[in-house]
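A.B. asks:
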Amino acid sequence: MKKSTLNFNERKREFLLFCLEFNIIQFGEFTLKSGVISPFYIDLRPLATNSRMLRRLADLLLECVPSEEYELICGVPYAALPIATAMGLTCDKNIIIKRKEAKKYGTKKNIEGLFKSGQSCLVVEDVITSGKSLLETLPDLESEGLTVKNIVVVLDRMQQGVEALQNKGYTVYSLFTLMEMLHILKAENQITEKEFEDVVGFINQQSTLTPANKSLERKSIIEKASNSSHPIAKKLAKISEEKESNLILSADYTEFSEIEKIIEECKDDIVAIKIHADIIRDFDSKFHPEKLREIANKGNFLLLEDRKFGDIGNTQKLQLTQGPMKILDWADMVTAHAIGGKKAIQQLEDIAVIAILSMSSEGALTTDEYAAAAEEIALSTEHCIGGVSQNKINSQLLCFTPGVNMDSKGDASGQQYRTPEYVFSELHTDFIIVGRGIINSSTPGETAKMYRKRAWAAYQDSLLS
Ligand code: 5BU
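The working numbering puts the sequence shown at residues 4 to 468.
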């Protein structure tokens with residue numbers, strides 16, 4: 004089969020539209036096994052009869068999980084069995100089959116297939132609801148000596164299943180959450196506003212979506228990232244765990260050599276470096292992006308271009324892809340205002356976007372009302388992984404907070420600072436962005452380490468409280 008030329012998000016959309024066309028997802032009135040009337044119905048089993056879409060789905064799921072993290076693939080019976088097989092054929096890894104009931108004769112085996120104790124296994128599930136069927140399947144695999152760390156699901160119905168598995172130490176990657184699916188279908192005009200609202204209302208009523216009081220609960224970065232479909236959110240969370248860091252260094256220098264120098268000193272303590280490419284006097288559109296990419300890969304951190312897009316969609320797309328910066332060629336993430344509206348931000352779909360919800364500068368016009376509207380846009384936009392915020396974000400968005408300094412309350416130009424402890428405990432921040440607090444220090448490497456440690460400790464405390 005010819006490889007699709009569409010990007011990840013476009014292929015996700017294509018897959019959903021197919022599901023709708025073939026009644027794999029249906030909207031209407033359905034009586035569930037429990038007797039409850041549901042405004043939607045999802046059954047992924049018929050998917051196996053369309054080899055083209057099954058392959059497309061296999062590709063998408065494989066892209067969700069780093070391939071070096073597993074040797075075998077196992078589908079939870081029955082819906083995920085063909086999906087796991089298609090994945091195995093695509094990535095050339097062996098699959099094993101977990102029986103629904105143990106064989107009553109012969110070998111009485113629970114798991115079929117060739118495997119060795121100690122091998123790592125990726126578990127595949129179609130839909131995760133409460134997580135019950137996965138929690139029943141995993142011990143059978145583990146009792147055979149297999150190591151299970153990662154689970155990939157097509158759809159997270161947002162009924163606490165992911166949380167249940169995370170609490171047991173598993174990493175869950177979901178291709179879609181139910182909310183995301185609804186947003187895509189609404190954006191594609193495949194469901195009406197009323198159908199959208201009916202389903203959201205139903206989910207809320209069933210207490211399946213995070214209830215209002217739950218949304219105030221502090222969620223970890225890993226938890227938020229696993230609910231995000233964007234690989235950059237997951238990568239950022241992974242780096243954060245590995246380095247025990249919530250620190251993004253704002254390298255606001257006007258010479259490229261100074262950026263290289265500060266990275267060398269701080270690379271072990273940061274999850275990302277944030278730059279303003281447009282203030283670098285000698286920015287070389289070919290050499291510098293290549294160099295940045297190389298040192299970021301080597302140092303295991305991401306690149307955030309603080310472009311603060313704020314124009315109409317068409318211009319923003321040109322600013323992302325053209326001009327001397329060619330931001331799309333090298334950055335992992337960009338910042339963008341939501342001031343131009345949802346459609347404008349959608350034009351940046353090829354890159355992970357952190358939407359600016361509120362600003363740290365004195366007299367900023369980002370009122371609570373504005374921030375809430377910007378957050379709504381970010382939440383309903385697939386490639387928005389988080390928000391830049393000076394307030395608590397009560398949703399799944401990752402919260403990035405600049406205006407952090409341990410020793411100063413602000414500068415003469417209206418910048419206002421708070422401490423790492425304050426932002427983690429009061430704002431439930433996930434990542435702090437620190438510039439002059441580090442780069443103006445006489446020992447930036449040591450200072451970055453101190454910020455990392457204080458931030459990580461405050462973050463851990465905030466998870467416990
Ligand atoms: P500082 O040196 O720690 O003050 O640098 C903060 C950086 O974060 C700087 O690059 C700003 O452009 C950026 N920033 C900010 O300070 N406040 C905001 O609200 C936003 C970005 Br949005």
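Cβ atoms here follow ideal geometry from the backbone N, Cα and C, with glycine treated the same way.
Keep in mind that this is a model prediction, so the values were computed, not measured.
(1) Between the C-alpha atoms of L35 and D46, what's the straight-line distance to the nearest angstrom?
(2) Measure how close the beta-carbons of F427 and Y454 come, nearest whole angstrom, since I'm counting them as under 8 Å.
(3) Where does N113 sit, in a helix, a strand or coil, going by DSSP?
(4) Can you grab the Cα-Cα spacing for the pair T195 / K189, in whole Å?
(5) Could you give the C-beta distance for E183 and S232, rounded to a whole number, given that I count them as a contact under 8 Å?
(6) Given a cut-off of 7 Å, decide if I98 and I131 are closer than it, judged by their beta-carbon atoms.
(7) Would you mind reading off the limits of the alpha helix (DSSP H) that contains Y176?
(8) Assuming I278 and A299 form a contact by the criterion Cβ under 8 Å, report the distance between their Cβ atoms to the nearest whole angstrom.
(9) Are at least three pairs of beta-carbons, each pair with one atom in the stretch 373-383 and one in the stretch 347-363, less than 8 Å apart?
(10) Any heavy atom of ligand 1 within a distance shorter than 6 Å of the CB on G406?
(11) For R439, is the beta carbon positioned less than 6 Å from some heavy atom of ligand 1?
(12) With a threshold of 6 Å (Cβ to nearest heavy atom), would V391 be considered close to ligand 3?
(13) Assign A415 to one of two classes, buried (16 or more other C-beta atoms within 10 Å of its C-beta) or exposed (fewer than that).
(14) Who does F403 pair with in a DSSP beta bridge?
(15) May I ask you to verify whether the stretch 117-132 touches the stretch 71-86, counting CB pairs closer than 8 Å and requiring at least 3?
(16) Could you tell me which residues DSSP puts in a beta bridge with S123?
(17) How many whole angstroms separate the CB atoms of P447 and I435, which I take to be in contact at a CB cut-off of 8 Å?
(18) Between M362 and ligand 1, is there a pair consisting of the residue's CB and a ligand heavy atom that are separated by less than 6 Å?
(19) With DSSP as the reference, label I1 as helix, strand or coil.
(20) So, are the CB atoms of D272 and L250 less than 7 Å apart?
(21) Can you find the residues in the same chain that come closer than 6 Å, C-beta to C-beta, to F33, ignoring five residues on each side of it along the sequence?
(22) Does K346 come out as helix, strand or coil in the three-state DSSP assignment?
(23) Under the criterion of a Cβ to heavy atom distance below 6 Å, does K314 qualify as lining ligand 1?
(24) How about the stretch 15-24 and the stretch 392-404: do they share at least three Cβ pairs that are nearer than 8 Å?
(25) Quick check: does the Cβ of Q163 come within less than 6 Å of any heavy atom belonging to ligand 1?
(26) Let me know the secondary structure DSSP gives M336 once reduced to three states.
(27) Name the DSSP beta bridge partners of C77, please?
(28) Between the beta-carbon of I354 and the beta-carbon of T338, is there less than 7 Å?
(29) Please find out if some non-hydrogen atom of ligand 1 comes closer than 6 Å to the beta-carbon of S253.
(30) At what residue ranges does the stretch 239-327 contain a whole run of the alpha helix (DSSP H), taking only runs of 4 or more?
(31) What I want to know is whether the C-beta of I436 ends up closer than 6 Å to one or more non-hydrogen atoms of ligand 1.
(32) In its own chain, which residues sit with a C-beta less than 7 Å from the C-beta of A61, not counting the 5 before and 5 after it?
(33) With a 10 Å radius around its C-beta and 16 neighbouring C-beta atoms as the bar for buried, classify R55 as buried or exposed.
(34) In the DSSP output, what is G413 paired with across the bridge?
(35) Could you tell me whether the Cβ atoms of D335 and L305 are closer together than 7 Å?
(36) Around the C-beta of D433, are 16 or more other C-beta atoms found within 10 angstroms, so that it is buried, or is it exposed?
C.D. replies: Taking the coordinates as given:
(1) Position 32 of the sequence shown, counted from the first residue, corresponds to residue 35. Position 43 of the sequence shown, counted from the first residue, corresponds to residue 46. If I take the Cα positions, the gap works out to 12 Å.
(2) Numbered from 1 along the sequence shown, position 424 holds the residue referred to as residue 427. Numbered from 1 along the sequence shown, position 451 holds the residue referred to as residue 454. Not quite, the Cβ-Cβ distance comes to about 12 Å (not below 8 Å), so this is no contact.
(3) The residue labelled residue 113 in the question sits at position 110 within the sequence shown. Coil, per DSSP.
(4) Counting from 1 along the sequence shown, the entry for residue 195 is found at position 192. Counting from 1 along the sequence shown, the entry for residue 189 is found at position 186. So the two alpha carbons sit approximately 7 Å from each other.
(5) Start at 1 with the first residue of the sequence shown, and residue 183 comes out as number 180. Start at 1 with the first residue of the sequence shown, and residue 232 comes out as number 229. Between S232 and E183 the Cβ distance is about 6 Å, and since that is below 8 Å, they are a contact.
(6) The residue labelled residue 131 in the question sits at position 128 within the sequence shown. The residue labelled residue 98 in the question sits at position 95 within the sequence shown. Cβ distance not < 7 Å, so I131 and I98 don't count as in contact.
(7) The sequence position of residue 176 within the sequence shown is 173, counting from 1. Segment T174 to T180 is the beta strand (DSSP E) holding Y176; no alpha helix (DSSP H) there.
(8) Within the sequence shown, numbered from 1, the residue matching residue 278 stands at position 275. Within the sequence shown, numbered from 1, the residue matching residue 299 stands at position 296. About 11 Å; that fails the 8 Å criterion.
(9) yes
(10) What you label residue 406 is simply residue 403 of the sequence shown in a count that begins at 1. Because some heavy atom of ligand 1 lies under 6 Å away, the Cβ of G406 counts as near it: yes.
(11) As a working note, residue 439 is residue 436 in the sequence shown. Flag set: Cβ of R439 near ligand 1.
(12) Absence of ligand 3 is noted for the structure shown, with ligand 1 being the only ligands found.
(13) To locate residue 415, count along the sequence shown from 1; it is residue 412. Per the 10 Å Cβ criterion, exposed.
(14) Counted from its first residue, the sequence shown places residue 403 at position 400. Answer is V391 and F434.
(15) yes
(16) Taking the first residue of the sequence shown as 1, we reach residue 123 at position 120. Beta-bridge pairing links S123 to T150.
(17) The residue given as residue 447 occupies position 444 in the sequence shown. The residue given as residue 435 occupies position 432 in the sequence shown. With a Cβ gap of about 16 Å, P447 and I435 do not count as contacting.
(18) To locate residue 362, count along the sequence shown from 1; it is residue 359. Checking the Cβ of M362 against ligand 1 gives yes.
(19) For residue 1 there is no data in the structure shown, the boundaries of the chain being 4 and 468.
(20) The count along the sequence shown starts at 1 and reaches residue 272 at position 269. The count along the sequence shown starts at 1 and reaches residue 250 at position 247. Yes, the pair counts as a contact, with Cβ atoms nearer than the cut-off.
(21) Your numbering for residue 33 matches position 30 in the sequence shown. S41 and Y44, listed in sequence order.
(22) Stepping through the sequence shown from its first residue, residue 346 is reached at position 343. Here K346 sits in helix by DSSP.
(23) Residue mapping note: residue 314 aligns to position 311 of the sequence shown, counting from 1. According to the sequence displayed, residue 314 carries Asp and not Lys. Outside the cutoff, so no.
(24) no
(25) On the sequence shown, residue 163 is found 160 positions in, with the first residue counted as 1. Because no heavy atom of ligand 1 lies under 6 Å away, the Cβ of Q163 does not count as near it: no.
(26) In the sequence shown, counting from the first residue as 1, residue 336 sits at position 333. It is a strand residue.
(27) To locate residue 77, count along the sequence shown from 1; it is residue 74. Note: C77 sits in a beta bridge opposite I99 and V126.
(28) For the purposes of this step, residue 354 is taken as residue 351 along the sequence shown, with counting starting at 1. For the purposes of this step, residue 338 is taken as residue 335 along the sequence shown, with counting starting at 1. No.
(29) Along the sequence shown, read from residue 1 onward, the residue named residue 253 stands at position 250. True, at least one ligand heavy atom lies under 6 Å from that Cβ.
(30) 259-269, 290-302 and 316-324
(31) Taking the first residue of the sequence shown as 1, we reach residue 436 at position 433. The answer is yes for I436.
(32) Here residue 61 corresponds to residue number 58 of the sequence shown, with the count starting at 1. Only I86, A89, M90 and T93 meet the Cβ criterion.
(33) The sequence position of residue 55 within the sequence shown is 52, counting from 1. Exposed, because fewer than 16 other Cβ atoms sit within 10 Å of the Cβ of R55.
(34) Sequence index remark: in the sequence shown, residue 413 carries index 410 (1-based). In DSSP, G413 forms a bridge with Q419.
(35) Here the question's residue 335 lines up with position 332 in the sequence shown. Here the question's residue 305 lines up with position 302 in the sequence shown. It is a contact, given that the beta carbons lie within the stated cut-off.
(36) Here residue 433 refers to the residue found at position 430 when the sequence shown is read from its first residue. Classification of D433: buried, given that the 10 Å Cβ count is 16 or more.
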